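Colleague:
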Amino acid sequence: MTKHVPIGLIETPFQPRLQALSTAKSWTNWAGYVSPGMLDTVEFEYFAIRNQATLFDISPMHKYRLTGPDALRVVNRLVTRDAAKLRDGRVGYALWCDEEGMVIDDGTLFRFSETDFRLCCQEPMYTWLLDTAWGFDAEITDESDEIAALSLQGPTSFSLLQDAGLEAVAEMKPFDWREIEPDLWVSRTGFTGDLGYELWVPNGKALELWDRLWAAGGPWGLKAIGFDALNICRIEAGFIAAGFDFQPVHTAMRLGRGRSPLELGFGKMVDFTKGHFNGRRALLDQQKNGLRYHLRKIEIGGFKPADGALIYHKKKREVGHVTSGVWSPTTKRNIALAEFKAPFGDGITDDLWAEIYVNEEGQWNKRLVPVTVEDKPFFINSRARATPPRPF
Amino acid sequence: MTTPTYDAIVIGAGHNGLAAAATLARKGKSVCVIERNATAGGMARNTTLAGGIKAPEIAHLLYNLHPKVKKELGLGSPRAPLEVRELPAVSLSEDGYHAVIRSGRAELADGRPHPEAAAFDEMMRRLTLFAGLLGQLSTKSPPSLEGGLASLGTLTELAGLAKLGLDLKRMGKKDMREFLRVLLSNAYDLILDDLEDGPLAGALAADAVRGAFAGPRSPGTVFTLMYRLGQGGGAQLPMGGMGAVAAAFEAAARAAGAEIRTGASVARVLTENDRAAGVVLEDGTEISGKAVLSNTGPMAAMMLAGAEHYDVEAVRRMRNQRCKGTAAKVNLVLNAAPVFPGLSPELMAGRLLIAPSTSYVERAFNPTKYGEMPANPVIEAVIPSLTDPEVAGGGRHVLSAVVGSVPYGLEGGWDAAARERLAAATLATLEKYAPGISALVTERQVLSPACIEARTGAPGGHWHHAEIGVDQILTVRPANGMAHYRFGPEGYYLCGAGAHPGGDVTGLAGRNSALQLLKDGVL
């Protein structure tokens, strides 16, 4: 019998290579695609990101193309930042909201030109984009199943690209976006806060790209990785993740589970002067009437990862919880992103304590450890921004 | 050229636009009403047929003019003269046993009591009681909880709701239960609970669905029936035609100091920093104002300001509004008074209904669902020249008929041939109750819902601008988040039938909108 509709997870074009490399056999579901949680061990993969070069398959990301005379207007109607200020050949982080100013999703906006954008994000967004573009002269195309992408991250990634014959990326600044070869677009972007690139090709050229990078990768310690190691790096970089640090509002079923960009700490990404955009009036109201929550970067005492831990003020009053917590091997700190009920986390930042449960050989102990609110990313390294990148 | 600055600009001089203008002008605001047509009045205008005969172009009777509006605007006072005659309703029967409803009571056309008079009485008592209860909500912006329980505005609104709840309890257990039982149900079941399926029942069913894309078996038609009974359910004929009503509203607006510009079409609404700033006319003239009120349909109002000024969800709601009109208008000039066997001259001048049973009304709606022309339409006809000889003269008469169940989206589209078919179906139906009437016709004017849309801008040619249904009333009229007449950019308001409480010549939508604007402190 012929299967008309594929059942189960869909394989990305890179699956043959990933499958062969996977010793851990740890697969997860990313937006309906099979994606590695880890291929080898989290530790090896994490240290490869920070000390070598790594490949992560980001093909499951949803990719949409917005084209047409009104493309810029549609993008600006969608996102909270001003896409008119994004230059051609640049990439920008963006968030977009529903009418109540709650974040629907965040993602990266790639600007080819004023009339041509690509939006990459976690959640399916096709119908929302169609609704956003209604009444405008713009076309929305779902490229999710046509474009494959690899994220090449780590301090040796530039050297690796040079060896792979892609030395043209040398002049690319962070968030630049170029067609380096026909059908091969490269952006200097990533989810690690480190030196890195993302490479975009039509599905048909995916394996060719993989093999090319892999062939050049040996001397540079290239390693394929899964999400688990990447997740540590993105927390170190202070990046938020949909479904972890905020609930994409269209997927939240309970009232009040949405969070605004202001509450997530992205006030600077909201441009109230650019004209109307979705949720603008609600966000203005929220700005006027006060935020309900603050998402902050925190350092937690001790070394026990505090994912999900409740946070107390004066050890008594519950004022928030950790949304993503991890032990950071590079900075040797116990770090996390945490959501506080306002005014805690912003107005009130002292005398905060995380409640951590420790299982000591079958016996549970509760500890209250101090919490310090931080402003800067936990992992900062100048190699991430140097242009041209320093050879390794 | 310097253009005058107004406090408020009203788009569309339909009766609601005029009511809004009058209400604002009475508070000392400078108001300019801009009307695309050469005359004000929208659906409540007269039309002049051959030989100078005046006919009500679209609407022909007053059902629901709100006493508050009448009083506040001084309609019927020397300032804005308006004279009306209460008409009995006559539900025609092919066997000549016509049912008559006079001041809410049922009788037979020959003067004998109607066998179901007692049951009808009790039903009307209940329904008008319920309608009055719901009517409390019609003179204010509908309650919402948007501001949260801590806000004073929300609490004031809740107080209104609490009063409704209290009044509901005060009705007594039996009536309260009945109210809650029937509120969202269908007219067909409700009516047939107490009445035989005949002309009397048919009259109520027809009143429940007039102008609606619904049959009496559709859910929500008890609500629309109560809406129709808001002022007791009677119908009044304005002397001088429906145009006299428009003229009264216009006079009230002018007397209050509002300016009315006819023959000028608004191309778009200007906004500055998310605030309404005025309008641009088709000829390029800019008129600035601190607030703009639109008496157009909700979608048209949105497009005038530009969809980009609305959140995606709001645009989606506007796009999905239900507004398929089903009421067509046929005006006939007759060279003599027609004969309806079994009707006295007094009753012939009444509101004549062709709705011989609830089943008939339901079946009439069947073809409508599929975009087909009904062969046996529901008709509400009136011969104003019998009451008001001045409109015709020379022994001639005008028969004005609202023909129901006529689809806006007729398969094959509305062209001259389709209108001809509609006229033929109307005459064939009338002929059953007034044999020989076709031979008296010297002229006819046929307006399909599409024609009505073209002439007035009412979306879908819809009687209420937007279907009255549970998904489009009160706090969700015209749509969720827009119930307080505020319409996108600050200072932009919806003041037409598409807003709460809905259509009919009530004047409430316009008045409420103006009051909300004043309350919001926009001016």
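Chains as they are written, first to last, in the numbering used here: chain A, 5 to 396; chain V, 926 to 1448.
Note that CB positions come from ideal geometry on N, CA and C, so glycine has one too.
Remember, it's a predicted structure, so these values are computed and weren't measured experimentally.
Can you tell me which residues form a DSSP beta bridge with I1026 (chain V)?
Modeller: By one-based count along the second sequence, residue 1026 (chain V) stands at place 101. I1026 (chain V) pairs with V:A1014, V:A1031.
Colleague: Check whether chain V comes within 9 Å of F140 (chain A), counting only Cβ atoms and requiring the distance to be less than that.
Modeller: Within the first sequence, the letter at position 136 stands for residue 140 (chain A). So, interface residue.
Colleague: By DSSP's criteria, C124 (chain A) is part of a beta bridge. Which residues make up the other side?
Modeller: Position 120 of the first sequence, counting from 1, holds the residue named residue 124 (chain A). Answer is A:K67, A:T112, bridged to C124 (chain A).
Colleague: Do you know how far the Cα of A228 (chain A) is from the Cα of T58 (chain A)?
Modeller: Position 54 of the first sequence, counted from the first residue, corresponds to residue 58 (chain A). Position 224 of the first sequence, counted from the first residue, corresponds to residue 228 (chain A). Distance between the alpha carbons of T58 (chain A) and A228 (chain A): 5 Å.
Colleague: For a contact meaning CB atoms closer than 9 Å, what does R122 (chain A) contact in chain V?
Modeller: Against the first sequence, residue 122 (chain A) aligns to sequence position 118. By Cβ distance, chain V contributes nothing, its closest Cβ being about 20 Å from R122 (chain A), past 9 Å.
Colleague: Between V:W1388, V:G1394, V:S1190, V:T1221, which has its C-alpha nearest A945 (chain V)'s C-alpha?
Modeller: For the purposes of this step, residue 945 (chain V) is identified with residue 20 of the second sequence, where counting begins at 1. Nearest of V:W1388, V:G1394, V:S1190, V:T1221 to A945 (chain V), Cα basis: V:T1221.
Colleague: Determine the DSSP secondary structure at W224 (chain A), reduced to helix, strand or coil.
Modeller: In the first sequence, counting from the first residue as 1, residue 224 (chain A) sits at position 220. The answer is helix: DSSP assigns W224 (chain A) an H, G or I state.
Colleague: Rounded to whole angstroms, what is the Cα-Cα separation between M926 (chain V) and I1212 (chain V)?
Modeller: Taking the first residue of the second sequence as position 1, residue 926 (chain V) is located at position 1. Taking the first residue of the second sequence as position 1, residue 1212 (chain V) is located at position 287. At M926 (chain V), the pLDDT of 43 sits below 50, so the modelled position is not reliable and the matter cannot be decided from this model.
Colleague: Within the same chain, show all residues whose beta-carbon is closer than 6 Å to that of K319 (chain A), passing over the 5 residues directly before and after it, in chain order.
Modeller: As a working note, residue 319 (chain A) is residue 315 in the first sequence. Once the five neighbours on either side are set aside, the close Cβ partners of K319 (chain A) are W357, L372.
Colleague: Using a Cβ cut-off of 7 Å, which residues of the region 102-119 of chain A contact any Cβ in chain V, in chain order?
Modeller: Taking 7 Å as the Cβ-Cβ cut-off against chain V, the residues of the region 102-119 of chain A that qualify are D102, E103.
Colleague: Would you report the Cα separation of A1439 (chain V) and A950 (chain V), rounded to the nearest angstrom?
Modeller: To locate residue 1439 (chain V), count along the second sequence from 1; it is residue 514. To locate residue 950 (chain V), count along the second sequence from 1; it is residue 25. One C-alpha to the other measures close to 10 Å.
Colleague: Within the 9 Å Cβ cut-off, does M1228 (chain V) reach chain A?
Modeller: Taking the first residue of the second sequence as 1, we reach residue 1228 (chain V) at position 303. Output row for M1228 (chain V): interface = yes.
Colleague: What number of angstroms, rounded off, separates the C-alpha of F243 (chain A) from the C-alpha of R122 (chain A)?
Modeller: Within the first sequence, numbered from 1, the residue matching residue 243 (chain A) stands at position 239. Within the first sequence, numbered from 1, the residue matching residue 122 (chain A) stands at position 118. In a straight line, the C-alpha of F243 (chain A) is about 21 Å away from that of R122 (chain A).
Colleague: List in chain order: all unbroken beta strand (DSSP E) runs of 3+ residues lying wholly within the region 1335-1411 of chain V.
Modeller: You should have 1366-1372.
Colleague: Helix, strand or coil: how does DSSP classify A340 (chain A) here?
Modeller: Here residue 340 (chain A) is taken as the residue at index 336 of the first sequence, counted from 1. A340 (chain A): strand per DSSP, three-state reduction.
Colleague: Mark G1382 (chain V) as exposed unless 16 or more other C-beta atoms lie within 10 angstroms of its C-beta, in which case mark it buried.
Modeller: As a working note, residue 1382 (chain V) is residue 457 in the second sequence. So G1382 (chain V) ends up on the buried side.
Colleague: Checking contacts by CB at 9 Å: is P1384 (chain V) closer than that to chain C?
Modeller: The chain labelled as chain C is not found among the protein chains of the depicted structure, namely A and V.
Colleague: Just by C-beta distance, which residues in the region 1402-1429 of chain V are closer than 9 Å to chain A?
Modeller: So the close ones are G1406, G1413, P1414, E1415.
Colleague: So, for L1206 (chain V): in the same chain, excluding its five sequence neighbours on each side, which residues have a beta-carbon less than 8 Å away from its beta-carbon?
Modeller: What you label residue 1206 (chain V) is simply residue 281 of the second sequence in a count that begins at 1. So the qualifying residues of the chain are I959, A1189, S1190, V1191, A1192, I1212.
Colleague: In terms of residue numbering, what span does the beta strand (DSSP E) encompassing M42 (chain A) cover?
Modeller: Residue mapping note: residue 42 (chain A) aligns to position 38 of the first sequence, counting from 1. Per DSSP, M42 (chain A) belongs to the beta strand (DSSP E) from 37-42.
Colleague: Taking W100 (chain A) as the reference, give the member of A:L133, A:K308, A:Y361 with the closest Cα.
Modeller: Residue mapping note: residue 100 (chain A) aligns to position 96 of the first sequence, counting from 1. When only C-alpha atoms are compared, the closest one is A:L133.
Colleague: Does the CB of V1237 (chain V) have a neighbour CB from chain A at under 9 Å?
Modeller: In the second sequence, residue 1237 (chain V) corresponds to position 312, counting from 1. Judged by the 9 Å Cβ criterion, V1237 (chain V) is in contact with chain A.
Colleague: Taking the alpha helix (DSSP H) that S1438 (chain V) belongs to, which residues open and close that run?
Modeller: Sequence index remark: in the second sequence, residue 1438 (chain V) carries index 513 (1-based). S1438 (chain V) -> alpha helix (DSSP H) spans 1433-1445.
Colleague: According to DSSP, is N207 (chain A) helix, strand or coil?
Modeller: Residue mapping note: residue 207 (chain A) aligns to position 203 of the first sequence, counting from 1. Three-state DSSP puts N207 (chain A) in a helix.
Colleague: Assign T930 (chain V) to buried or exposed, taking buried as 16 or more other Cβ atoms, counted over all protein chains shown, within 10 Å of its Cβ.
Modeller: Within the second sequence, the letter at position 5 stands for residue 930 (chain V). Classification of T930 (chain V): exposed, given that the 10 Å Cβ count is below 16.
Colleague: Suppose the cutoff is 6 Å on Cβ atoms and the five residues either side in sequence are ignored; what does the same chain contact list for R69 (chain A) look like?
Modeller: By 1-based counting over the first sequence, the position of residue 69 (chain A) is 65. Taken in chain order, the residues that qualify are R122, T145, E147.
Colleague: Counting along the chain, where does the alpha helix (DSSP H) carrying P20 (chain A) start and finish?
Modeller: As a first step, residue 20 (chain A) must be located in the first sequence, where it is residue number 16. Taken as a continuous stretch (DSSP letters only), the alpha helix (DSSP H) holding P20 (chain A) covers 19-25.
Colleague: Does chain V have any CB closer than 9 Å to the CB of H66 (chain A)?
Modeller: For the purposes of this step, residue 66 (chain A) is identified with residue 62 of the first sequence, where counting begins at 1. Cβ-Cβ to chain V under 9 Å: no for H66 (chain A).
Colleague: What number of angstroms, rounded off, separates the C-alpha of A174 (chain A) from the C-alpha of T391 (chain A)?
Modeller: Start at 1 with the first residue of the first sequence, and residue 174 (chain A) comes out as number 170. Start at 1 with the first residue of the first sequence, and residue 391 (chain A) comes out as number 387. Roughly 7 Å between the two C-alpha positions.
Colleague: Short of 8 Å Cβ to Cβ, which residues in the region 274-285 of chain A face chain V?
Modeller: Result list: G279, H280, N282, G283, R284, R285.
Colleague: So H1039 (chain V) and A1024 (chain V) are supposed to be a Cβ contact under 8 Å. How far apart are they, rounded?
Modeller: In the second sequence, counting from the first residue as 1, residue 1039 (chain V) sits at position 114. In the second sequence, counting from the first residue as 1, residue 1024 (chain V) sits at position 99. Right, the Cβ-Cβ distance comes to about 6 Å (below 8 Å), so this counts as a contact.
Colleague: My output table needs one value for T1149 (chain V): the three-state DSSP class, helix, strand or coil.
Modeller: For the purposes of this step, residue 1149 (chain V) is identified with residue 224 of the second sequence, where counting begins at 1. Three-state result, T1149 (chain V): helix.
Colleague: For L1268 (chain V), collect the residues of the same chain with a Cβ closer than 7 Å to its Cβ; drop the 5 residues on either side in sequence, then sort them by chain order.
Modeller: Looking up residue 1268 (chain V) in the second sequence gives position 343. Closer than 7 Å at Cβ, skipping near neighbours: V1015, H1023, A1034.
Colleague: Quick check: the Cα distance between L1195 (chain V) and T1210 (chain V), rounded to an integer number of angstroms?
Modeller: To locate residue 1195 (chain V), count along the second sequence from 1; it is residue 270. To locate residue 1210 (chain V), count along the second sequence from 1; it is residue 285. When rounded, the distance between both Cα atoms is 12 Å.
Colleague: Are the region 1134-1145 of chain V and the region 1281-1297 of chain V in contact at 8 Å, needing three or more beta carbon pairs?
Modeller: Yes: at least three Cβ pairs fall under 8 Å.
Colleague: 9 Å is my cut-off, CB to CB: does T255 (chain A) come that close to chain V?
Modeller: Sequence index remark: in the first sequence, residue 255 (chain A) carries index 251 (1-based). It does not: the Cβ of T255 (chain A) has no partner Cβ on chain V nearer than 9 Å.
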